[in-house]
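First comes the structure, then the notes that go with it.
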Amino acid sequence: MMFKSISDDLNISKNDFFYLLILTVFSILITYTLINFNQVLGIYCSDVFIYLSNSLVFAGYQSSVLYLYLSPVICILTAILFKLGFLSEISLYIVTGIFCIFANIGIYVLLKNKFSSLLSLCGAFLFGSFSLTLLWWANGTLDVPAVALSIWTIIFTILAVDKDSKYYMIAIPFFILAVFTRYTALFLLPLILLYYLSKHDFFTNLDLLIVSRQEFSKKLKSYIKSEEFRNILKSCAIAFVLLVLFSATILAYGSNLSFLTQSSTFAAGSKGEVIDNAYTTDTLFYLHDFPNFLFSDYVSFDNVIPVLNGSNPMSFFLIGLFAIGILLSVYKLINVKKKVESKHKHLVGILFVVLLAISILCFKINSLITITILLVDLVILFSFFRKTGIDREIYSMDVLMLSWLLVYFIFFTFLNIKVNRYIITVFPAFIYFVIYALNEILDMSKKFKFFVFKKQNILNIIPIILIVFCIFSAFTFTSTVHYDVDFNKNKVIADYLTEYDSDYMSKDVAVFNQRSYNWFLKKYTIPITDDQLDYLESSNITYYISDDNFNLSNYTMIYQKEGLYLYERNN
């Protein structure tokens, strides 16, 4: 009965399980294909080595704890597989791959809240076939898993506000898991609050506080006794327990909560460090490359950074639909005929425009200030819509999706550290408006008698064609990845050392790239840079792996391969 109740609230009927089965099979096949592909390709994102190293620590191995605060959710799950004997990067690929499947299903459920099963399936297939999504699908990175948890956080937030407040006890824990998967998920919090305020008018209550404190106090006491408030408190208690557990686990292994200082740094207006390889002052990077992110012609590598090149005409078709979706959503609001007092309407309009202008001016100063002002602007809109009697169903989800897109687009655009995978976060909101446009276009088309046949079946061809295109694009994606760099060469040197000295685990090994060798050697390695060779010469370090051919007096080169060199200390 509980499952039926949840499925009813999610608007999932028996017919949807057929569509979900198709989607799940597609997602599993894509995940299997990409895990195999990524295993052959090798690890090109150095962050993946951090997550593998962290997983080693959680599994009981000795490794660096410097970045243990990064994604404890994914790393703890991967560590479980390590403890079961699956000590391979494939374990991390499987864990992140499962979250990718979870994301695809989440897109379907999110869209099904408002659209038909076929259109929801189309939206999910779009997410699972975008070039940028597939580039980072099941390869050990955290972006798609974080999006998966974000989607489900939003789904249950919508249910909590619109259906039953008990869903806060699912939404808020999902939010905490999302945050400890990728800390940028913190931006979900203002989105949750925004949707909550779409139902609970902030400004009406503020007016009541100013005009009649007694009435406000009475209303507040009544709300405190409500089931919704109790469920919010319970969900916050669960969230606090999860927060303490994750923080305590990180501290127990000897690491620190550096994410707190990082968050405060960005809140202060930091745009990122110039020394970062992804540093760029190209403000419009995500905007002008967005068509490539949807359906690109091919993928190339600039050193170890994957670049999506060229864009398919389908990309521009989808961007066109997205723009139409936004315009139709706005038009539907404008078209709602409600009597509003002219003076009140004009005051709200002036305030909205002023705050919007301020948010745009603040963009160059601090993204968080811009986002805050923008969200306040939207809260004012919610209050205005509520006062005019406009049904929440017309605008609440549209504004939520638009907010989701703007919040993350503004934040990542403001940062000078720009990596293409960061923008995957906006895909669910982008897809929502694409499907919104399709839905409205199909609804309008039904009014015209173009065909003698059943109109619905004819119109269904459009999303079906899109789905077929998505399937073809997804399964041919790996053939578009062009690379001439050997991403496995570090592993070759590590494999040689493990065979050369079966007792290497008890000896000190210095390396030029600690991230990768902590993983490949399954132990803590000592980072040595080119300007620390004097220290190396005077140390008792047994082995040194370098990417340069040095003439070391106390070491002999015992192996070299593809520009990498293994040195052993002379006895």
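Using our numbering, read the sequence shown as starting at 6 and increasing by one per residue.
All C-beta atoms, glycine included, are put in the ideal place defined by N, C-alpha and C.
Considering only their Cβ atoms, is the gap separating residue j from residue i smaller than 9 Å?
{"i": "residue 529", "j": "residue 68", "result": "yes"}
{"i": "residue 178", "j": "residue 78", "result": "no"}
{"i": "residue 399", "j": "residue 338", "result": "yes"}
{"i": "residue 526", "j": "residue 502", "result": "yes"}
{"i": "residue 108", "j": "residue 132", "result": "yes"}
{"i": "residue 305", "j": "residue 296", "result": "no"}
{"i": "residue 97", "j": "residue 60", "result": "yes"}
{"i": "residue 87", "j": "residue 66", "result": "yes"}
{"i": "residue 298", "j": "residue 136", "result": "yes"}
{"i": "residue 438", "j": "residue 321", "result": "no"}
Following the continuous beta strand (DSSP E) through residue i, name the residue where it begins and the one where it ends.
{"i": "residue 566", "result": "560 to 566"}
{"i": "residue 305", "result": "303 to 307"}
{"i": "residue 515", "result": "514 to 516"}
With residue i as the anchor, note down where its alpha helix (DSSP H) starts and where it stops.
{"i": "residue 68", "result": "No alpha helix (DSSP H) contains residue 68, which DSSP labels as neither H nor E."}
{"i": "residue 431", "result": "Premise fails: residue 431 is in no alpha helix (DSSP H) and is neither H nor E."}
{"i": "residue 499", "result": "494 to 505"}
{"i": "residue 152", "result": "148 to 167"}
{"i": "residue 529", "result": "Taken as a continuous stretch (DSSP letters only), residue 529 belongs to no alpha helix (DSSP H), as it is neither H nor E."}
{"i": "residue 33", "result": "19 to 46"}
{"i": "residue 407", "result": "397 to 419"}
{"i": "residue 75", "result": "Element bounds for residue 75: n/a, residue is neither H nor E."}
{"i": "residue 113", "result": "94 to 117"}
{"i": "residue 59", "result": "51 to 63"}
{"i": "residue 534", "result": "First-last for residue 534: undefined, no H or E at that position."}
{"i": "residue 125", "result": "122 to 132"}
{"i": "residue 136", "result": "136 to 140"}
{"i": "residue 471", "result": "466 to 480"}
Of the residues the options, which one's Cα is nearest the Cα of residue i?
{"i": "residue 186", "options": "575, 512, 430, 318", "result": "430"}
{"i": "residue 572", "options": "525, 513, 523, 527", "result": "513"}
{"i": "residue 248", "options": "20, 183, 374, 438", "result": "183"}
{"i": "residue 330", "options": "130, 219, 557, 407", "result": "407"}
{"i": "residue 56", "options": "80, 448, 384, 425", "result": "80"}
{"i": "residue 237", "options": "252, 526, 176, 250", "result": "176"}
{"i": "residue 119", "options": "15, 34, 303", "result": "15"}
{"i": "residue 246", "options": "17, 181, 259", "result": "181"}
{"i": "residue 258", "options": "441, 72, 290, 374", "result": "72"}
{"i": "residue 482", "options": "17, 22, 38, 25", "result": "38"}
{"i": "residue 567", "options": "558, 559, 560, 553", "result": "553"}
{"i": "residue 155", "options": "193, 172, 126, 123", "result": "193"}
{"i": "residue 159", "options": "19, 115, 22", "result": "115"}
{"i": "residue 472", "options": "85, 128, 10", "result": "128"}
{"i": "residue 117", "options": "433, 569, 574, 511", "result": "433"}
{"i": "residue 535", "options": "545, 524, 551, 543", "result": "551"}
{"i": "residue 307", "options": "293, 487, 18, 121", "result": "487"}
{"i": "residue 74", "options": "188, 470, 231, 205", "result": "188"}
{"i": "residue 164", "options": "559, 547, 12, 469", "result": "12"}
{"i": "residue 383", "options": "575, 204, 235", "result": "204"}
{"i": "residue 290", "options": "468, 477, 537, 424", "result": "424"}
{"i": "residue 157", "options": "464, 322, 190, 440", "result": "190"}
{"i": "residue 260", "options": "320, 293, 76, 324", "result": "76"}
Run through the DSSP bridge pairs and tell me what residue i is partnered with.
{"i": "residue 573", "result": "548, 561"}
{"i": "residue 231", "result": "Looking at the DSSP assignment, residue 231 forms no beta bridge with any residue, so it has no partner."}
{"i": "residue 236", "result": "DSSP, once it has assigned bridges, lists no residue as partnering residue 236."}
{"i": "residue 313", "result": "304"}
{"i": "residue 335", "result": "For residue 335, which the question treats as bridged, DSSP gives no partner whatsoever."}
{"i": "residue 486", "result": "304"}
Quick one: is residue i near chain C, going by C-beta distance under 9 Å?
{"i": "residue 540", "result": "No chain C appears in the structure shown, which is made up of a single protein chain."}
- For the stretch 39 to 51 against the stretch 483 to 499, are there 3 or more C-beta pairs whose distance is under 8 Å? yes
- Query: Can you find at least 3 beta carbon pairs, one from the stretch 496 to 514 and one from the stretch 28 to 39, that sit closer than 8 Å?
  - Reply: no
- Task: For the stretch 132 to 145 and the stretch 99 to 109, state whether three or more C-beta atom pairs, one from each stretch, are separated by less than 8 Å.
- Result: Touching, yes, given that three or more Cβ pairs across the two stretches are closer than 8 Å.
- Task: Check whether the stretch 314 to 330 touches the stretch 418 to 428, taking contact to mean three or more Cβ pairs, one atom from each stretch, closer than 8 Å.
- Result: With the cut-off at 8 Å, the stretch 314 to 330 and the stretch 418 to 428 do not touch.
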